[in-house]
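*Asks:* Under our numbering, the sequence shown is numbered contiguously, ending at residue 557.
Yeah, the Cβ is synthetic: ideal placement off N, Cα and C, and Gly gets one too.
Bear in mind the structure is a predicted one, so any value in this text is a computation, not a measurement.
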Amino acid sequence: MSDREAFRHRRWFAYLSLIICVVLAFRPIPSTLDSNDTGRYVAYQEDACSSPVYGDDAGAQQWTFQLLMRPTCQLGSDKIFLLVVASALPIAFIAFGEWKRKGALLLAAGLLVSVVGFELTTNALRQAVSLAFLLAAISLEGKLARLLALCIAMLLHTSSWIFLPWVFLLRRGQPKSGKSESYTLLLAVPLVCALWYFLAPRIGTQLAAGLDLLEIYRSIYSIEVNRAFLVFMILPTCWVFAVRWADSRLPMPRNEKLTFYYSAVVLVATIVFFPMMTYRVAMTTAVLQMFVAMKAMDLSVRSGAWIGSGLAGHFLIYAFVSPNVRAVLNV
Numbered sequence: 227m228s229d230r231e232a233f234r235h236r237r238w239f240a241y242l243s244l245i246i247c248v249v250l251a252f253r254p255i256p257s258t259l260d261s262n263d264t265g266r267y268v269a270y271q272e273d274a275c276s277s278p279v280y281g282d283d284a285g286a287q288q289w290t291f292q293l294l295m296r297p298t299c300q301l302g303s304d305k306i307f308l309l310v311v312a313s314a315l316p317i318a319f320i321a322f323g324e325w326k327r328k329g330a331l332l333l334a335a336g337l338l339v340s341v342v343g344f345e346l347t348t349n350a351l352r353q354a355v356s357l358a359f360l361l362a363a364i365s366l367e368g369k370l371a372r373l374l375a376l377c378i379a380m381l382l383h384t385s386s387w388i389f390l391p392w393v394f395l396l397r398r399g400q401p402k403s404g405k406s407e408s409y410t411l412l413l414a415v416p417l418v419c420a421l422w423y424f425l426a427p428r429i430g431t432q433l434a435a436g437l438d439l440l441e442i443y444r445s446i447y448s449i450e451v452n453r454a455f456l457v458f459m460i461l462p463t464c465w466v467f468a469v470r471w472a473d474s475r476l477p478m479p480r481n482e483k484l485t486f487y488y489s490a491v492v493l494v495a496t497i498v499f500f501p502m503m504t505y506r507v508a509m510t511t512a513v514l515q516m517f518v519a520m521k522a523m524d525l526s527v528r529s530g531a532w533i534g535s536g537l538a539g540h541f542l543i544y545a546f547v548s549p550n551v552r553a554v555l556n557v
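(1) Roughly how many whole angstroms lie between the Cα atoms of Asp-524 and Gly-539?
(2) Could you compute how far the alpha carbon of Gly-336 sits from the alpha carbon of Gln-515?
(3) So, helix, strand or coil for Arg-230, using DSSP?
(4) Classify Gly-539 as helix, strand or coil using the three-state DSSP reduction.
(5) Please identify the residue among Gly-323, Phe-252 and Arg-236 whose C-alpha is closest to the C-alpha of Val-518.
(6) Go ahead and pull the three-state DSSP assignment for Met-520.
(7) Is Ser-406 buried or exposed, if buried means 16 or more other CB atoms sit within 10 Å of its CB?
(8) For Asn-452, which of helix, strand or coil comes out of DSSP?
(9) Going by beta carbon distance, what residues of the same chain come within less than 7 angstroms of Leu-567, once the five residues before and after it are set aside?
(10) DSSP three-state call for Ile-315: helix, strand or coil?
(11) Hey, out of Val-527, Ile-245, Gly-265 and Ser-529, whose CA is closest to Ala-553's CA?
(12) State the Cα-Cα distance for the pair Tyr-505 and Val-466, rounded to the nearest angstrom.
(13) Identify, in the order they occur along the chain, each residue of the same chain with its Cβ nearer than 7 angstroms to the Cβ of Thr-496, setting aside the five sequence neighbours on each side.
(14) From Asn-550 to Arg-253, what does the alpha carbon distance come to, in whole angstroms?
(15) Considering only their Cβ atoms, is the gap separating Gln-287 from Leu-376 smaller than 8 angstroms?
(16) Quick test of your reading: Ala-362 and Ala-318, contact by CB under 8 angstroms. State the CB separation rounded to the nearest angstrom.
(17) Taking 8 angstroms as the cut-off, decide whether the C-beta atoms of Leu-333 and Ile-543 are in contact.
(18) Identify, in the order they occur along the chain, each residue of the same chain with its Cβ nearer than 6 angstroms to the Cβ of Leu-559, setting aside the five sequence neighbours on each side.
(19) Which residues mark the beginning and the end of the alpha helix (DSSP H) in which Phe-252 is found?
(20) Terminal residues of the continuous alpha helix (DSSP H) containing Met-380?
(21) Excluding sequence positions up to five away, which residues of its chain have a Cβ less than 6 angstroms from the Cβ of Met-520?
(22) Which residues in the same chain as Ala-349 place their Cβ atom closer than 7 angstroms to its Cβ, once the five residues preceding and following it in sequence are excluded?
(23) Could you give the first and the last residue of the continuous alpha helix (DSSP H) run that contains Ile-497?
(24) Span of the alpha helix (DSSP H) holding Val-393?
(25) Report the three-state DSSP secondary structure of Trp-387 (helix, strand or coil).
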């Protein structure tokens with residue numbers, strides 16, 4: 227595919243993303259008491275905008291998110307804040323996705339019409355922004371840029387910590403530049419020191435209460451959940467991999483197989499030990515599987531169509547069965 231055609235596909239995806247993100251951002255904002263998190267995020271952001279940057283006593287992850295979203299305070303609109311956050315993941319696909327593949331547009335469009343895309347643009351907002359930085363961490367060329375993106379991803383959401391080994395395993399299979407690993411470590415030291423200087427009081431407070439937090443997590447995430455729901459949320463990851471495996475004309479790339487096997491291990495572990503957080507992890511695994519599939523040399527239009535239509539059908543089932551969609555849309 228030519229560069230011109232790839233640019234056209236990227237542009238069409240940008241238009242589609244903008245339309246969907248605008249519609250979702252300018253909907254009536256749900257109450258903070260509703261089952262989804264939109265109202266709470268808006269309330270937190272309003273509080274953060276009216277407080278000094280260092281005067282906010284939010285935890286390190288929420289504080290990092292609010293700091294990144296600080297420029298939206300100048301615009302004085304909750305709708306713009308929601309639009310910026312909802313756009314984070316599509317922008318990551320636009321910037322770092324491989325658009326020269328024939329099925330790239332249909333595959334990426336599947337993200338926008340999927341359960342995962344809907345949840346990450348309306349509910350799991352901090353996770354979505356963290357995931358955008360995680361994609362940057364495996365896509366950027368400069369080592370310092372990758373390290374910075376990875377640090378921000380981990381500061382934003384706990385789910386990114388789970389995929390830290392995956393990032394290093396993925397990069398390990400790529401060609402290395404002439405610069406030594408010691409040079410990377412040398413670049414990492416001042417960055418880590420700077421982050422620690424600014425965030426040490428917040429992180430220190432959280433670490434001091436680490437045992438209590440672990441006990442809380444155990445109590446929350448050991449609650450019995452509907453197993454059919456867990457299977458339903460895992461389906462997108464399996465679907466993307468299955469379509470690629472069945473339709474691939476070339477040996478499946480290492481990155482796709484590694485991502486699926488790593489995701490499978492993580493999902494099994496969360497089902498066994500923390501079933502209530504499985505759906506959160508499953509959203510990340512689906513996006514990662516789509517992103518690495520987008521880079522496959524033999525990603526065909528047929529594969530993209532199967533993946534996109536399957537994810538859209540998956541969302542239609544979710545929309546009819548789950549009350550969360552109605553709560554998010556405030557209808």
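*Replies:* To lay it out plainly:
(1) The count along the sequence shown starts at 1 and reaches residue 524 at position 298. The count along the sequence shown starts at 1 and reaches residue 539 at position 313. Approximately 24 angstroms between the Cα atoms of the pair.
(2) Stepping through the sequence shown from its first residue, residue 336 is reached at position 110. Stepping through the sequence shown from its first residue, residue 515 is reached at position 289. Going from the Cα of Gly-336 to the Cα of Gln-515 covers about 12 angstroms.
(3) Start at 1 with the first residue of the sequence shown, and residue 230 comes out as number 4. In the structure shown, Arg-230 sits in a helix (DSSP, three-state: H, G or I).
(4) The count along the sequence shown starts at 1 and reaches residue 539 at position 313. Gly-539 falls in the helix class under three-state DSSP.
(5) Locating residue 518 in the sequence shown gives position 292, where the first residue counts as 1. Closest by alpha carbon: Gly-323.
(6) For this step, residue 520 is matched to residue 294 along the sequence shown. Of the three classes helix, strand and coil, the one that applies to Met-520 here is helix, per DSSP.
(7) Numbered from 1 along the sequence shown, position 180 holds the residue referred to as residue 406. Caution applies to Ser-406, whose pLDDT of 44 falls short of 50 and renders its modelled position unreliable; the value that the coordinates give is listed next. Burial call: exposed.
(8) Translated into positions along the sequence shown, residue 452 becomes position 226. Coil, per DSSP.
(9) A query on residue 567 cannot be resolved here, the shown segment of the chain reaching from 227 to 557 and no further.
(10) Stepping through the sequence shown from its first residue, residue 315 is reached at position 89. The sequence given here has Leu at residue 315, not Ile. DSSP places Leu-315 in helix when its eight states are reduced to three.
(11) The sequence position of residue 553 within the sequence shown is 327, counting from 1. That would be Gly-265, whose Cα lies nearest to the Cα of Ala-553.
(12) Translated into the one-based positions of the sequence shown, residue 505 becomes position 279. Translated into the one-based positions of the sequence shown, residue 466 becomes position 240. The straight-line gap from Cα to Cα measures roughly 17 angstroms.
(13) Your numbering for residue 496 matches position 270 in the sequence shown. Met-503, Thr-504 and Val-507, listed in sequence order.
(14) By 1-based counting over the sequence shown, the position of residue 550 is 324. By 1-based counting over the sequence shown, the position of residue 253 is 27. Roughly 15 angstroms separates the two Cα atoms.
(15) Translated into the one-based positions of the sequence shown, residue 376 becomes position 150. Translated into the one-based positions of the sequence shown, residue 287 becomes position 61. No, they are not a contact pair.
(16) Residue mapping note: residue 362 aligns to position 136 of the sequence shown, counting from 1. Residue mapping note: residue 318 aligns to position 92 of the sequence shown, counting from 1. That pair is a contact at about 6 angstroms.
(17) In the sequence shown, the residue the question calls residue 333 occupies position 107. In the sequence shown, the residue the question calls residue 543 occupies position 317. Contact: no.
(18) Any question about residue 559 goes unanswered here, given that the chain covers just 227 to 557.
(19) As a position in the sequence shown, residue 252 is number 26, starting the count at 1. Note, Phe-252: premise wrong, no alpha helix (DSSP H); not H, not E.
(20) The sequence position of residue 380 within the sequence shown is 154, counting from 1. Element bounds for Met-380: 369-382.
(21) As a first step, residue 520 is located in the sequence shown; it is residue number 294 there, counting from the start. Excluding positions up to five away in sequence, the list reads Gly-323, Glu-324, Ala-330 and Leu-333.
(22) Taking the first residue of the sequence shown as 1, we reach residue 349 at position 123. The sequence as given places Asn at residue 349; Ala does not occur at that position. Cβ neighbours of Asn-349 beyond the five flanking positions: Asn-262, Asp-263, Thr-264 and Val-554.
(23) Working through the sequence shown from its first residue, we reach residue 497 at position 271. Segment 480-499, the alpha helix (DSSP H) holding Ile-497.
(24) If you number the sequence shown from 1, residue 393 lands on position 167. Counting along the chain, the alpha helix (DSSP H) containing Val-393 begins and ends at 390-398.
(25) Looking up residue 387 in the sequence shown gives position 161. DSSP places Trp-387 in helix when its eight states are reduced to three.
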